[in-house]
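Take the working numbering: the final residue in the sequence shown is number 648, and no numbers are missing along the way.
Idealized CB from N, CA, C, for every residue including glycine.
Note that the structure is predicted; figures quoted are calculated from it, not measured.
Inspection log for the structure reproduced underneath, given as structure tokens.
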Amino acid sequence: MADLSVKIAGVTFKNPVIAASGCYGFGLEYEDFYPLERLGGVSLKGLTLEKRLGNPPPRIAETPSGMLNSVGLQNPGVDAFLAHDLPKVAGRDTVLIANIAGRTEEDYCALAERLREAPVDLLEVNISCPNVREGGAAFGASCEGAARVVRAVRAAARQPLIVKLSPNVTDIAAVAKAVESEGADGISLINTLLGMRIDIESRRPVLRNNTGGLSGPAVFPVAVRMVWQAAQAVSIPVIGLGGVSTAEDAIEMMLAGASAVQVGAACFQDPFAPVKIIEGMEAWLDAHRIASVSEIVGKVQAW
Numbered sequence: 346m347a348d349l350s351v352k353i354a355g356v357t358f359k360n361p362v363i364a365a366s367g368c369y370g371f372g373l374e375y376e377d378f379y380p381l382e383r384l385g386g387v388s389l390k391g392l393t394l395e396k397r398l399g400n401p402p403p404r405i406a407e408t409p410s411g412m413l414n415s416v417g418l419q420n421p422g423v424d425a426f427l428a429h430d431l432p433k434v435a436g437r438d439t440v441l442i443a444n445i446a447g448r449t450e451e452d453y454c455a456l457a458e459r460l461r462e463a464p465v466d467l468l469e470v471n472i473s474c475p476n477v478r479e480g481g482a483a484f485g486a487s488c489e490g491a492a493r494v495v496r497a498v499r500a501a502a503r504q505p506l507i508v509k510l511s512p513n514v515t516d517i518a519a520v521a522k523a524v525e526s527e528g529a530d531g532i533s534l535i536n537t538l539l540g541m542r543i544d545i546e547s548r549r550p551v552l553r554n555n556t557g558g559l560s561g562p563a564v565f566p567v568a569v570r571m572v573w574q575a576a577q578a579v580s581i582p583v584i585g586l587g588g589v590s591t592a593e594d595a596i597e598m599m600l601a602g603a604s605a606v607q608v609g610a611a612c613f614q615d616p617f618a619p620v621k622i623i624e625g626m627e628a629w630l631d632a633h634r635i636a637s638v639s640e641i642v643g644k645v646q647a648w
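Okay, here's the thing in structure tokens:
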């Protein structure tokens with residue numbers, strides 16, 4: 346049996362499959378199907394300082410080989426999470442990752458402070474959020490903005506930082522290097538691509554927010570390309586996500602340079618997708634007589 350364990354930012358995962366933030370709630374929603382301990386980790390639903398109801402509906406729409414969403418970071422707020430949600434999942438034999446999002450640097454720092462003593466293993470810093478002080482441009486849209494928020498959070502946080510990068514940039518490698526230089530312990534990518542669909546009968550966008558984030562198999566080739574570029578630019582671990590739906594996808598992402606993968610939209614189609622990916626990866630490694638999954642990380646032989 347191949348060794349599926351991986352180490353990221355000093356934290357050991359029993360296997361490289363992580364449930365992606367926003368698609369897995371706080372983990373409890375899937376426990377009717379299998380115990381969370383089957384997974385390498387869970388990136389919990391994105392947290393903000395205050396409770397958010399999210400955007401008005403319609404806010405999810407199916408697209409060819411994917412989906413658009415403009416949920417708008419609906420969540421109960423960090424204090425309610427600490428009081429009610431985290432105690433229900435804490436202590437499970439899986440890595441817990443708290444995903445944080447803010448509208449200012451101070452928001453991110455305050456979240457990191459609130460989570461300092463919480464039983465979460467890693468913080469995933471979502472820098473695809475709009476910086477209200479810069480006219481709504483996402484923190485992750487520029488090297489300077491990304492570096493600034495990571496520098497601030499690094500000073501406030503106790504846990505290792507995984508920085509979740511936006512794909513809506515011109516040079517993903519430059520942004521990856523910028524967050525590494527300010528103390529990121531790892532990066533995860535890609536977040537959703539900005540997309541839009543229009544109902545030709547009503548002549549209105551299918552989402553009330555007009556635009557939304559595109560995810561699912563349709564974005565997988567873009568994600569593989571960006572993971573490959575980012576992994577070559579930094580020395581910190583990379584977590585790959587964006588359309589990972591099968592064991593073959595996960596292996597491809599790791600060959601591109603990812604040390605682990607996150608599975609998101611696939612869970613909506615098949616709640617068992619993460620478990621099937623774990624089992625499929627193990628079978629592939631055994632069939633190829635590879636002793637450890639870490640042996641394939643970054644082993645693509647580019648032309």
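If you look at lysine 352, you'll find it in the beta strand (DSSP E) that goes 351-353. Shown here, phenylalanine 378 sits in coil according to DSSP, grouped into three states, outside any helix or strand. Within its own chain, the residues whose Cβ lies closer than 7 Å to the Cβ of tyrosine 369, once the five positions on either side in sequence are excluded, are Tyr375, Val387 and Cys612, listed in chain order. With a 10 Å radius around the Cβ and a threshold of 16 neighbouring Cβ atoms, arginine 478 comes out exposed. Under the Cβ criterion (8 Å, minimum of three pairs), the segment 543-550 does not count as touching the segment 589-602. Assignment of beta-bridge partners to lysine 509 by DSSP yields Asn471 and Ser533.
Here phenylalanine 358 is not near serine 366, since their CB atoms are 8 Å or more apart. For phenylalanine 613, there is no enclosing beta strand (DSSP E); the residue is part of the alpha helix (DSSP H) that begins and ends at 611-614. Look at glutamine 504 here: in three-state DSSP terms it is coil, with no helix or strand label. Secondary-structure assignment with DSSP links threonine 591 through no beta bridge to anything.
The count of Cβ pairs closer than 8 Å, one atom from the segment 568-587 and one from the segment 508-519, reaches three, so the stretches are in contact.
With contacts defined by Cβ atoms closer than 8 Å, methionine 346 and aspartate 530 do not form a contacting pair. Fewer than three Cβ pairs drawn from the segment 448-465 and the segment 401-416 lie within less than 8 Å of each other, which leaves the two stretches out of contact. A direct Cα-Cα distance of roughly 36 Å separates valine 470 from arginine 634.
Along the segment 401-464, the beta strand (DSSP E) occurs as fully enclosed runs of 3 or more residues at 405-408, 411-414 and 440-445, listed in sequence order. For alanine 483, there is no enclosing alpha helix (DSSP H), since its DSSP letter is neither H nor E. Nearest Cα to glycine 558 within the set Asp544, Ile535 and Val579: Ile535. Contact between the segment 585-595 and the segment 609-624 is present: 3 or more CB-CB pairs across the two stretches fall below 8 Å. CA-CA distance, arginine 437 to serine 487, rounds to 37 Å. Beta-bridge partners assigned by DSSP to leucine 539: Gly558. Using a Cβ distance threshold of 8 Å, tyrosine 453 and alanine 500 do not count as a contacting pair. If you compare the alpha carbons of Gly355, Arg493 and Ala502 with that of leucine 460, the shortest gap goes to Ala502. Counting only residues of its own chain and dropping the five nearest sequence neighbours on each side, serine 415 has a CB closer than 6 Å to the CB of Asn400, Arg404, Leu552, Asn554 and Gly557. By the 16-neighbour rule on beta-carbons within 10 angstroms, phenylalanine 565 is buried. Beta-bridge annotation (DSSP): glycine 386 is paired with Ile363 and Val440.
CA-to-CA, the gap between asparagine 360 and aspartate 348 works out to about 8 Å.
It is roughly 15 Å from the alpha-carbon of lysine 644 to the alpha-carbon of serine 580. Out of Met626, Leu413 and Val606, the CA that lies nearest to the CA of leucine 539 is found in Leu413.
For isoleucine 622, the enclosing alpha helix (DSSP H) covers residues 618-632.
Assignment of beta-bridge partners to alanine 636 by DSSP yields no partner. The alpha-carbon separation between glutamate 450 and asparagine 444 amounts to approximately 15 Å.
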